[in-house]
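Data block below; observations after.
There are 2 protein chains.
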Amino acid sequence: MTKIAIDAMGGDFGCEPIVAGVIEALKERKFHAFLVGDEKLVRPLVPKEFGEFVTYVQADEIFEMKEGATDALKKKESSIYKAIELVRNKECNAVVSAGHSGATMSLATLRIGRLKNVIRPAIATLMPNSQDKRTLVLDVGANVDCKAEHLFQFAIMGEAYAKAIMGIEKPRLSILSNGEEDSKGDEVTKEARNLLKNLKNFVGNAEGSNIFDGSVDVVTCDGFMGNIVLKTAEGVAGAMNKLIKKEVKKSPVAIAGAVLMNKVFKIVKKSTDYDEYGGAPLLGIKDCVIISHGKSTPKAVKNAIFQALKFSNSTIDKMIEDELAKFTDIKNKAKL
Amino acid sequence: MTKIAIDAMGGDFGCEPIVAGVIEALKERKFHAFLVGDEKLVRPLVPKEFGEFVTYVQADEIFEMKEGATDALKKKESSIYKAIELVRNKECNAVVSAGHSGATMSLATLRIGRLKNVIRPAIATLMPNSQDKRTLVLDVGANVDCKAEHLFQFAIMGEAYAKAIMGIEKPRLSILSNGEEDSKGDEVTKEARNLLKNLKNFVGNAEGSNIFDGSVDVVTCDGFMGNIVLKTAEGVAGAMNKLIKKEVKKSPVAIAGAVLMNKVFKIVKKSTDYDEYGGAPLLGIKDCVIISHGKSTPKAVKNAIFQALKFSNSTIDKMIEDELAKFTDIKNKAKL
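Protein sequences, first through last, are from chains V and E. Reading the first sequence from the start, the letters are residues 84 to 419 in the numbering used here. Reading the second sequence from the start, the letters are residues 84 to 419 in the numbering used here.
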């Protein structure tokens with residue numbers, strides 16, 4: 084049975100939504116949950132009938148959102164540190180955390196370790212597109228100031244995820260740029276594109292709009308861009324919703340219309356809802372690490388666990404290592 | 084009377100929508116239009132009663148979208164070249180072009196020239212926000228690979244635009260980054276933020292979502308980021324519209340609802356509609372240059388002309404020069 088370490092304390096709303104999500108997941112799938120946190124708070128939240136699928140791991144501290152990621156290594160009694168150690172010590176196959184993402188990323192890198200030849204792990208996220216599918220964007224994590232070979236590796240890791248987890252046979256790989264043409268891009272992007280031409284599934288530049296129109300499967304960018312794209316998308320969707328709601332309130336006719344359209348709005352909300360994806364996989368680490376939103380609902384936690392199950396039962400890590408092994412000299416090509 | 088040079092040929096759909104937009108503008112405001120293009124195509128589109136407000140300037144060539152901006156200087160018979168020359172020669176106060184934006188930018192820089200101390204002109208664009216106002220984002224043009232002092236100057240130019248054209252007394256200036264905290268940002272962004280702290284209206288980092296929530300008035304970024312933010316926003320809005328339409332079609336109840344909500348959707352469309360803004364001002368040039376979308380409708384052209392009128396009757400250029408003069412040594416501070 085797959086064993087999943089869950090940082091029960093890291094989320095913004097304490098352990099309740101996290102544990103509730105674990106229970107929801109246990110209702111649907113078989114796995115063993117290692118709940119890492121303050122046992123006296125966590126244990127009462129687990130109904131008796133699930134007891135046999137749960138192990139409690141006491142952690143006295145919480146790594147707070149306001150702390151610097153670089154301090155994560157020092158706080159050995161924190162729930163995230165202990166959850167990561169369970170994977171490091173092979174007691175668990177995967178870790179799910181809604182805590183400090185920077186701390187999770189550093190601890191995963193330093194305590195679990197990178198896959199062979201991976202320079203920097205990357206956080207990948209799924210964005211809904213108008214083709215009713217999802218587009219994988221990476222890095223959306225802490226990798227600012229990337230070099231061309233980092234972006235090249237992100238594409239390889241994204242390709243492996245698309246194949247192994249999303250089930251796409253030939254994922255269309257792209258690099259985010261300010262235009263379709265080869266002449267577009269900043270220096271690093273242009274250099275990275277030269278490297279990416281070595282990958283047979285590489286289809287060229289993606290513009291911001293291509294993330295949402297289903298024309299590509301994997302979009303590579305640095306973590307600075309990735310974060311801005313993510314927040315821009317959230318901002319636009321939020322502003323549109325707010326505007327629609329405000330205008331609807333002004334007219335009884337529109338209110339009636341909105342009632343009749345309720346089902347449509349629910350579907351739209353669902354397709355753009357973070358909860359449906361559950362979490363962002365950290366790619367390039369020796370085991371499975373899923374980073375969830377601090378504001379994760381039980382449903383988001385459940386979906387993050389399902390993602391961890393799929394990930395840890397896949398061959399994605401081997402795929403990444405095998406592919407990277409073909410390009411160990413890529414750094415030298417970067418300057419071409 | 085303000086004289087506006089209009090590149091009548093540069094748009095994707097030929098001279099019809101451009102000239103139609105000029106006529107719409109002439110119906111509402113007094114100005115003199117210099118229509119630059121193929122006179123035998125343009126003249127028949129102008130109704131007799133507007134004849135006294137129009138001067139025709141023959142241009143035998145069109146600078147095509149597929150041409151490289153660097154060739155713009157050589158094509159002296161193109162409509163954009165001739166339109167720019169009218170401003171250079173003081174025959175016109177402003178130029179509006181829906182043609183090749185790179186060519187317009189190079190010609191404006193090389194033939195009209197930059198304001199004193201401006202290193203790089205920037206294209207600014209207005210994005211709608213949920214506070215029923217607009218946020219100015221710059222650069223969304225060709226300035227990839229910016230240095231800190233470029234970003235610093237963009238903020239100063241954006242501030243002047245916000246004061247002079249948008250009528251904001253104390254514009255909240257920000258720099259686009261991957262988090263609110265001072266520790267966030269790539270190297271150039273962090274360096275630029277250090278410089279921006281010298282401006283009293285600077286409020287710190289903006290995240291992608293802040294562009295749309297009305298919490299800042301001016302967002303500074305390089306042209307690479309700016310383009311991606313713009314396209315991402317278009318992509319999200321487009322995908323949401325497409326999804327709503329698709330789901331509505333599936334159910335007669337939802338169709339009825341959409342009919343009742345028609346007015347709301349129109350308002351939302353209007354507030355996110357490029358046509359309402361008309362064009363993006365090129366800031367940092369000695370005179371007014373408004374760059375419109377290649378697919379501009381007559382309404383967009385009309386609004387671009389209105390923007391040109393407001394711009395050329397403002398003191399924005401003096402404001403930019405005066406403010407930049409205070410910081411001529413800022414480059415030396417950039418390395419602090």
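Idealized CB from N, CA, C, for every residue including glycine. A quick note: this is a predicted structure, and the numbers were derived from the prediction, not measured.
Discussion item. Residues in the same chain with beta-carbon distance under 6 Å from ILE403 (chain V), minus the five sequence neighbours each way, listed in chain order, please.
Written reply: Locating residue 403 (chain V) in the first sequence gives position 320, where the first residue counts as 1. Same-chain partners within the cutoff: LEU198, MET240 and ALA243.
Worksheet item: For VAL140 (chain E), which residues does DSSP report across the bridge?
Response: Here residue 140 (chain E) corresponds to residue number 57 of the second sequence, with the count starting at 1. VAL140 (chain E) is bridged to E:VAL119.
Worksheet item: Given that a residue counts as buried once 16 or more other Cβ atoms are within 10 Å of its Cβ, and exposed if not, what is GLN390 (chain V)?
Response: In the first sequence, counting from the first residue as 1, residue 390 (chain V) sits at position 307. Buried.
Practice prompt. Note down, in chain order, each residue of its chain lying with its Cβ closer than 8 Å to the Cβ of GLN271 (chain E), except the 5 sequence neighbours on either side.
Written response: Numbered from 1 along the second sequence, position 188 holds the residue referred to as residue 271 (chain E). In the sequence as presented, Gln is not what sits at residue 271 (chain E); that position holds Val. Same-chain partners within the cutoff: CYS229, LYS230, ALA231, LEU234 and ASP305.
Discussion item. Beta-carbon within less than 7 Å of LEU419 (chain V)'s beta-carbon, same chain only, minus the 5 sequence neighbours each way: which residues are those?
Written reply: For the purposes of this step, residue 419 (chain V) is identified with residue 336 of the first sequence, where counting begins at 1. Reliability fails at LEU419 (chain V), whose pLDDT of 45 lies under 50, so the model's placement of it is uncertain and the value that follows must be treated cautiously. The answer, listed in chain order, is ASN277.
Discussion item. For ASP90 (chain V), which residues in the same chain have their Cβ closer than 6 Å to its Cβ, ignoring the five residues on either side in sequence?
Written reply: Locating residue 90 (chain V) in the first sequence gives position 7, counting from the first residue. If we look at ASP90 (chain V) and ignore the five residues flanking it on each side, its Cβ neighbours are VAL119, SER162, ILE163, ALA166, SER180 and GLY182.
Discussion item. Contact between the stretch 330 to 342 of chain V and the stretch 318 to 334 of chain E is defined here as three or more beta-carbon pairs at a separation below 8 Å; is this criterion met?
Written reply: no
Worksheet entry | is_contact[LYS199 (chain E), chain V] using C-beta, thresh 8 Å | Indexing the second sequence from 1 puts residue 199 (chain E) at position 116. Cβ-Cβ to chain V under 8 Å: no for LYS199 (chain E).
Discussion item. Under DSSP, the alpha helix (DSSP H) around PRO335 (chain V) begins and ends at which residues?
Written reply: By one-based count along the first sequence, residue 335 (chain V) stands at place 252. Looking at the DSSP string, the run of the alpha helix (DSSP H) that includes PRO335 (chain V) is 335 to 343.
Discussion item. Rounding to the nearest angstrom, what Cα-Cα distance links GLU150 (chain V) and LYS273 (chain V) in this structure?
Written reply: Walking along the first sequence from the start, residue 150 (chain V) turns up at place 67. Walking along the first sequence from the start, residue 273 (chain V) turns up at place 190. Computed Cα separation, rounded: 36 Å.
Worksheet item: By the criterion of Cβ-Cβ separation under 8 Å, what are the contact partners of THR153 (chain E) in chain V?
Response: If you number the second sequence from 1, residue 153 (chain E) lands on position 70. Result: empty, since nearest Cβ-Cβ is about 11 Å, beyond 8 Å.
Worksheet item: Is the Cβ-Cβ distance between MET84 (chain E) and PHE117 (chain E) less than 8 Å?
Response: Along the second sequence, one-based indexing puts residue 84 (chain E) at 1. Along the second sequence, one-based indexing puts residue 117 (chain E) at 34. No, the Cβ-Cβ distance between MET84 (chain E) and PHE117 (chain E) is not below 8 Å.
Practice prompt. Can you give me the Cβ contacts of ILE251 (chain E) inside the same chain, cut-off strictly under 6 Å, excluding the 5 residues immediately before and after it?
Written response: Within the second sequence, the letter at position 168 stands for residue 251 (chain E). ALA245 and ASP300, listed in sequence order.
Worksheet item: By DSSP, does ASN396 (chain V) sit in helix, in strand, or in coil?
Response: Translated into the one-based positions of the first sequence, residue 396 (chain V) becomes position 313. ASN396 (chain V) falls in the coil class under three-state DSSP.
Worksheet item: Residues bridged to PHE210 (chain E) by DSSP?
Response: Reading the second sequence from its first residue, position 127 is the one you call residue 210 (chain E). It is worth fixing the name first, because residue 210 (chain E) is Met in this sequence and not Phe. Its beta-bridge partners are E:THR218.
Worksheet entry | Collapsed DSSP secondary structure at ASP90 (chain E) in the structure displayed | Counting from 1 along the second sequence, the entry for residue 90 (chain E) is found at position 7. Three-state DSSP puts ASP90 (chain E) in a strand.
Item to complete: Kindly indicate if chain E contains any beta-carbon less than 8 Å away from that of LEU419 (chain V).
Response: Here residue 419 (chain V) refers to the residue found at position 336 of the first sequence. Unreliable positioning characterises LEU419 (chain V) in this predicted model, as indicated by a pLDDT of 45, which lies under 50. The coordinate reading is nonetheless provided below. Not an interface residue.
Discussion item. Measuring only the C-alpha atoms, how far is LYS131 (chain E) from ILE106 (chain E)?
Written reply: Translated into the one-based positions of the second sequence, residue 131 (chain E) becomes position 48. Translated into the one-based positions of the second sequence, residue 106 (chain E) becomes position 23. Those two C-alpha atoms are separated by around 11 Å.
Discussion item. Could you check whether the Cβ of LYS325 (chain E) sits closer than 8 Å to any Cβ belonging to chain V?
Written reply: Position 242 of the second sequence, counted from the first residue, corresponds to residue 325 (chain E). At least one chain V Cβ lies under 8 Å of LYS325 (chain E).
Item to complete: Give the DSSP-derived three-state secondary structure of ALA181 (chain E) in the structure shown.
Response: Within the second sequence, numbered from 1, the residue matching residue 181 (chain E) stands at position 98. Three-state result, ALA181 (chain E): coil.
Worksheet entry | DSSP three-state assignment for LEU419 (chain E), whether helix, strand or coil | Mapped onto the second sequence, residue 419 (chain E) falls at position 336. In this prediction, LEU419 (chain E) has a pLDDT of 46, which is less than 50 and means its spatial position is unreliable; nothing more can be read from the coordinates.
Worksheet entry | Contact set for THR398 (chain E): own chain, Cβ-Cβ below 7 Å, skip 5 residues either direction | Taking the first residue of the second sequence as 1, we reach residue 398 (chain E) at position 315. Only ALA247 meet the Cβ criterion.
Fill in: Beta bridge counterpart(s) of GLY287 (chain V) as assigned by DSSP
Locating residue 287 (chain V) in the first sequence gives position 204, counting from the first residue. V:SER257, per the DSSP bridge assignment.
Worksheet item: Going straight from the alpha carbon of GLY291 (chain E) to that of THR303 (chain E), what length do you get?
Response: Position 208 of the second sequence, counted from the start, is the residue given in the question as residue 291 (chain E). Position 220 of the second sequence, counted from the start, is the residue given in the question as residue 303 (chain E). Between GLY291 (chain E) and THR303 (chain E), the C-alpha separation is close to 11 Å.
Discussion item. Helix, strand or coil for CYS304 (chain E)? Go by DSSP, reduced to three states.
Written reply: As a first step, residue 304 (chain E) must be located in the second sequence, where it is residue number 221. Coil.
Worksheet item: With a cut-off of 8 Å, does the C-beta of ASP143 (chain V) fall near any C-beta of chain E?
Response: For this step, residue 143 (chain V) is matched to residue 60 along the first sequence. False, the Cβ-Cβ gap to chain E never drops below 8 Å.
Item to complete: Answer yes or no: does any C-beta atom of chain V fall closer than 8 Å to that of LYS314 (chain E)?
Response: Mapped onto the second sequence, residue 314 (chain E) falls at position 231. Judged by the 8 Å Cβ criterion, LYS314 (chain E) is in contact with chain V.
Item to complete: Taking a Cβ distance cut-off of 8 Å, strictly less, list which residues of the stretch 201 to 228 of chain V are near chain E, in chain order.
Response: PRO211, ASN212, SER213, VAL227 and ASP228
Item to complete: Measure from the alpha carbon of ILE87 (chain V) to the alpha carbon of each residue in V:ALA177, V:ASN172, V:ARG217 and V:LEU326, then state which is nearest.
Response: Reading the first sequence from its first residue, position 4 is the one you call residue 87 (chain V). For the residues V:ALA177, V:ASN172, V:ARG217 and V:LEU326, the minimum Cα distance to ILE87 (chain V) belongs to V:ALA177.
Worksheet entry | Selection from E:VAL312, E:LEU109, E:ALA339 and E:ARG171 that minimises the alpha carbon distance to ARG194 (chain E) | The residue labelled residue 194 (chain E) in the question sits at position 111 within the second sequence. The candidate whose alpha carbon is nearest that of ARG194 (chain E) is E:ARG171.
Worksheet item: If you check the beta carbons only, do ALA289 (chain E) and MET344 (chain V) fall under 8 Å apart?
Response: As a first step, residue 289 (chain E) is located in the second sequence; it is residue number 206 there, counting from the start. As a first step, residue 344 (chain V) is located in the first sequence; it is residue number 261 there, counting from the start. No, the Cβ-Cβ distance between ALA289 (chain E) and MET344 (chain V) is not below 8 Å.
Discussion item. Less than 8 Å between CB atoms is the rule here; does PHE146 (chain V) satisfy it with respect to chain E?
Written reply: Numbered from 1 along the first sequence, position 63 holds the residue referred to as residue 146 (chain V). Not an interface residue.
Practice prompt. Run the CB neighbour count on ALA316 (chain E), radius 10 Å, all protein chains shown included, and call it buried at 16 or more, exposed below.
Written response: The residue you call residue 316 (chain E) lines up with position 233 of the second sequence. That one is buried.
Item to complete: Have a look at GLY297 (chain E) and VAL223 (chain E) and give me their C-alpha separation to the nearest angstrom.
Response: Locating residue 297 (chain E) in the second sequence gives position 214, where the first residue counts as 1. Locating residue 223 (chain E) in the second sequence gives position 140, where the first residue counts as 1. Those two C-alpha atoms are separated by around 19 Å.
Practice prompt. Taking C-beta pairs closer than 9 Å, name the residues in chain E that ILE368 (chain V) reaches, listed in chain order.
Written response: Reading the first sequence from its first residue, position 285 is the one you call residue 368 (chain V). Within chain E, no residue comes near ILE368 (chain V); the closest Cβ sits about 21 Å away, beyond 9 Å.
Practice prompt. Give every residue of the same chain whose Cβ lies closer than 6 Å to the Cβ of LEU221 (chain E), excluding the five residues on either side of it in the sequence, and list them in chain order.
Written response: Translated into positions along the second sequence, residue 221 (chain E) becomes position 138. If we look at LEU221 (chain E) and ignore the five residues flanking it on each side, its Cβ neighbours are ALA205, ALA207, PHE237 and GLY241.
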